[in-house]
Every structure is written in structure tokens, then in C-alpha cells.
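Below is one structure; the comments refer to it alone.
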Amino acid sequence: YRVTTVDSATRALELLGLGLITDVNMIITDYWMPGMTGYELLKRLKGSSDLREIPVVIMSSENVPTRISRCLEEGAEDFLLKPVRPSDVSRLCSRMIR
């Protein structure tokens, strides 16, 4: 696997928009980030014809049901609660392979 990390949602959008990151199979993002939440990033990605098909997984240490529902309704593939357990990763991988 090749993993690319960035320090903000703005930087991720910048790299994706410039085509500097290609063949993206999944985006995993925290909900709380500087400058833009994971929900806002999700909405931007799903609003882009070039990026909307990339699965997005959002993570948070806060179990807020309305926030989780909103992200899933907006198109997040999954919402993981931190700390992430190995079983969470296995479940996610199983779903993504289908």
C-alpha cells in the first residue's frame, strides 16, 4: 500500500485538485481538524465530480450520534470512534473489498 498523509483538509483538497495525488482508494480523516471539519471535507469531496467516488471514512473520539448520522447521510463510507480497534479496521477492509 502507498499511504499519503497531510496536515489539513485544505492541503488534501489542494493535492487532490492539482492531481498531485492519483489513484486514491480511500480517504481517512479526523472529524476535528484545523480550518475545516471532516464533515466539511466530505461535503467538498462529494460535491466534486472528479472526487465524489472516493470512499471517505471519518474518525472521532466523540460519540455524537447526530454528527455520525449526518456524516453517513452525506456519503461517508463509515464513521469510526477512536481509539480505533483492530476489529474496526477488519470490518472496514471487508466492506471496501466487496
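Quick note on numbering: full-length UniProt numbering labels position 1 of the sequence shown as 1, and the sequence is numbered without any gaps. Even for Gly, the Cβ is constructed at its ideal location relative to N, Cα and C.
Collapsed DSSP secondary structure at V56 in the structure displayed: Here V56 sits in strand by DSSP.
Quick one: what's got a C-beta closer than 6 Å to L80's C-beta in the same chain, skipping five residues either side? So the list reads M59 and D88, once near-sequence residues are dropped.
Whole angstroms is fine: what's the gap from L15's alpha carbon to C93's? Using only the alpha carbons, I get a separation of about 25 Å.
Proximity of D78 and V57 at Cβ, strictly below 8 Å: Cβ distance < 8 Å, so D78 and V57 count as in contact.
According to DSSP, simplified to helix, strand and coil, what is I28? Three-state DSSP puts I28 in a strand.
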